[in-house]
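**Q**
In the UniProt record's numbering, the protein residues as written are 1 to 660.
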């Protein structure tokens, strides 16, 4: 029998512990012999990253080992394996590379205490290539592409690690082939999605590259426009695939498109577009080794194309013939390829996130890990793609309405809505099915996931809308989307809330300071003060704000005027602050300064500090406490009683006992 209950107070079978335990954080995957291996965060073990195999479901990498790189802080490419089943991985605790053979203990391949971190591991022709980050003293880290001996000699003598490519602030995608190597490089103040060069060099007799040519990308690389080139991959000794985003035609939009460099001996490289489209095959390189395409053994190429949502296509480079593959996925990345079989990670509008095996010829997609749920889909909301007018142009978003087959709301009541602001800010959401979203919608709280200006997936122009305007454009766009939901009769205008993490937390705080749209806010490890962020953040993002706001000292006034902590008197909206104690990206000092400002002004707030957590919550207890606290907080502020969640103490809340 269907009950009638106010929005927000609906009973739900989806618990926070279900999300912590049943929605695994999945990473890289690859073919190993006849098996498939993948990386998976184990929330019950402090969020460590294990490596598992499909054949028996067992862990190849046992506790307490954790395969996670800290290069650029966001890591990527933390493990690989050979065909015999030897695992090579970066251990999270000390950032050393280890080798694990069946039946043995991990053996270190790199030295201890040398200030080195490794990522982007590539095993080819019996040699292990990697991006190395070396921190010595107080200066910025140095990064180079290296070859690590597999015999363990470098564990005691770091000089045995051979540096092949150096000289840039950042390097990625080592792609060796014979005596040549391709790679991607960029320098401050650019981020890799702004201007990154695809370089090609010859490895000299001493194993180093001293001269190279730039094949594509870089600053002012295309008629005075910056170009981002990513993911080089050889298909023969003379053919190199990559993606880059010059305009697809004169006057056309700039999109990451698949390209090929033909490098016949003695001839000038010929670069051609083999998949021109008003869609992106590429994205922001937050994690080393990210892949958006894969060459198949017959010469065809499988590629992801993004235009808000993803689709998979197969292209024949010589003819440019394109075939779309029907899959259940709307947000997808390529992980590995063997013949015509491809490992993917992704999720779809009615499909949970997982690792998938795609057979291109058979046109079948089967889950390897995840991709399924025991919960009946009637509990899961389907995202509605929406576009709203905004002061800076169109704003794209996905709405998830309250969804519960056992409850309806009283006639005439409009639901509360939680606007989600993704991090980055250079990132995007694709409206895929999410158990974490269903946690809210099954309780009668709508969710609006916004791709504000600055998001990827809609071309360079949409991405660069945010340049110089962070804290203004993003706020205007999210506010326009939320207002649009209310004006269209989908949401209660008095019960709109906003939540964001990291860069999204900055947007939350700016929105609360500069608009009257939202009645409550949730900031997860959010940026509160730009000056503090620049002074304390890590090297990878040290100049990110130059593009988003402006360089220092020229833009000092903007840093002051936009930072919410510079104008705490404007922060009068109830706020929940969540922070990892070990966060190197947005340190706890920002959250604590924000908490102190709210307390001084008597603004209702709660502050949750999660010990042992970094930039994003990985441990099961942190995930559970975070979700339950968010629902409890929204209930207290927006005026509903959330069932089955513990009370949350909220400072200065106008309730008799100060609790939910």
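For each residue, glycine too, the CB sits at the ideal point set by N, CA and C.
Specify the secondary structure class of residue 626 as computed by DSSP and reduced to three states.
**A** In this structure, residue 626 counts as helix in the three-state DSSP scheme.
**Q** Is DSSP giving residue 37 helix, strand or coil here?
**A** strand
**Q** Would you tell me roughly how many angstroms separate the C-alpha atoms of residue 5 and residue 649, rounded to the nearest one?
**A** 25 Å
**Q** Sort 177, 123, 187 by Cα distance to residue 141 and report the nearest one.
**A** 187
**Q** So, is the C-beta of residue 618 closer than 9 Å to a C-beta in chain D?
**A** Structure shown: chain D not included; a single protein chain is present.
**Q** DSSP state of residue 380, grouped into three classes?
**A** coil
**Q** In terms of residues, what are the limits of the beta strand (DSSP E) holding residue 137?
**A** From DSSP, residue 137 is part of no beta strand (DSSP E); its letter is neither H nor E.
**Q** Let's see if you can read the secondary structure: which residues bound the beta strand (DSSP E) around residue 164?
**A** 162 to 165
**Q** So, at 7 Å on beta carbons, what are the nonlocal neighbours of residue 661 in its own chain, with the 5 sequence-adjacent residues on each side left out?
**A** There is no way to answer for residue 661, as the model of the chain reaches only from 1 to 660.
**Q** By the three-class DSSP mapping on this structure, what secondary structure does residue 92 have?
**A** coil
**Q** Throw me the rounded Cβ distance for the residue 442 and residue 12 pair, which I believe falls under 8 Å.
**A** 4 Å
**Q** Let me confirm a value: residue 341 is counted as buried when at least 16 other C-beta atoms fall within 10 Å, else exposed. Which label applies?
**A** buried
**Q** Since residue 383 and residue 349 are thought to touch, with beta carbons under 8 Å apart, how far apart are those beta carbons, to the nearest angstrom?
**A** 6 Å
**Q** Given this structure, state the Cα-to-Cα distance separating residue 374 from residue 335, to the nearest angstrom.
**A** 26 Å
**Q** Tell me the start and end of each unbroken beta strand (DSSP E) in the segment 50 to 122 that is at least 3 residues and wholly inside, in chain order.
**A** 79 to 81, 87 to 90, 97 to 100
**Q** DSSP puts residue 385 in a beta bridge; with which residues?
**A** 398
**Q** What do you get for residue 479, buried or exposed, if any count of 16 or more other CB atoms within 10 angstroms of its CB means buried?
**A** With 16 or more other Cβ atoms within 10 Å, it is buried.
**Q** Return helix, strand or coil for residue 19, following the three-state DSSP convention.
**A** helix
**Q** Hey, is residue 193 close to the ligand PLP, as in C-beta under 8 Å from one of its heavy atoms?
**A** For the ligand PLP, the structure offers nothing, since it holds no ligand at all.
**Q** With DSSP run on the structure shown, which of helix, strand or coil describes residue 682?
**A** As shown, the chain starts at 1 and ends at 660. That puts residue 682 outside it, with no answer to give.
**Q** Per DSSP, residue 306 is paired with what?
**A** 280, 310
**Q** Enumerate, from N- to C-terminal direction, the unbroken beta strand (DSSP E) stretches of 3 or more residues contained entirely within the segment 385 to 454.
**A** 393 to 400, 417 to 421, 446 to 451
**Q** Using alpha carbons as the reference points, say which of 556, 629, 533, 356 lies closest to residue 575.
**A** 629
**Q** Using C-beta distances below 8 Å, list every residue in its chain close to residue 171, excluding the 5 sequence neighbours before and after it, in chain order.
**A** 131, 143, 144, 145, 165, 183, 184, 185
**Q** On the three-state DSSP scale, how would you describe residue 467?
**A** coil
**Q** Apart from the five residues just before and just after residue 263, which ones in its own chain have a Cβ nearer than 6 Å to its Cβ?
**A** 238, 269
**Q** Check whether the segment 284 to 304 touches the segment 230 to 244, counting contact only when three or more Cβ pairs, one atom from each stretch, lie closer than 8 Å.
**A** yes
**Q** Closest by CA to residue 661, which one among 51, 331, 26, 277?
**A** In this structure the chain extends from 1 to 660, so residue 661 is not present and cannot be described.
**Q** In whole angstroms, what is the alpha-carbon distance linking residue 247 and residue 317?
**A** 19 Å
**Q** Three or more C-beta pairs closer than 8 Å, one from the segment 569 to 583 and one from the segment 515 to 528: is that the case here?
**A** yes
**Q** Cα separation between residue 321 and residue 258?
**A** 13 Å
**Q** By DSSP, does residue 656 sit in helix, in strand, or in coil?
**A** Note that residue 656 scores a pLDDT of 42, beneath 50, so its modelled location is shaky; the value from the coordinates is reported in the next line. DSSP places residue 656 in coil when its eight states are reduced to three.
**Q** Kindly list the residues whose CB is nearer than 8 Å to the CB of residue 372, restricted to its own chain and excluding five residues on each side of it in sequence; keep chain order.
**A** 352, 354
**Q** Give me the DSSP bridge partner(s) of residue 152.
**A** Beta-bridge pairing links residue 152 to no other residue.
**Q** When burial is assigned at 16 or more other CB atoms within 10 Å of the CB, is residue 64 buried or exposed?
**A** exposed
**Q** What residues are listed by DSSP as bridge partners for residue 569?
**A** For residue 569, no pairing in a beta bridge is given by DSSP.
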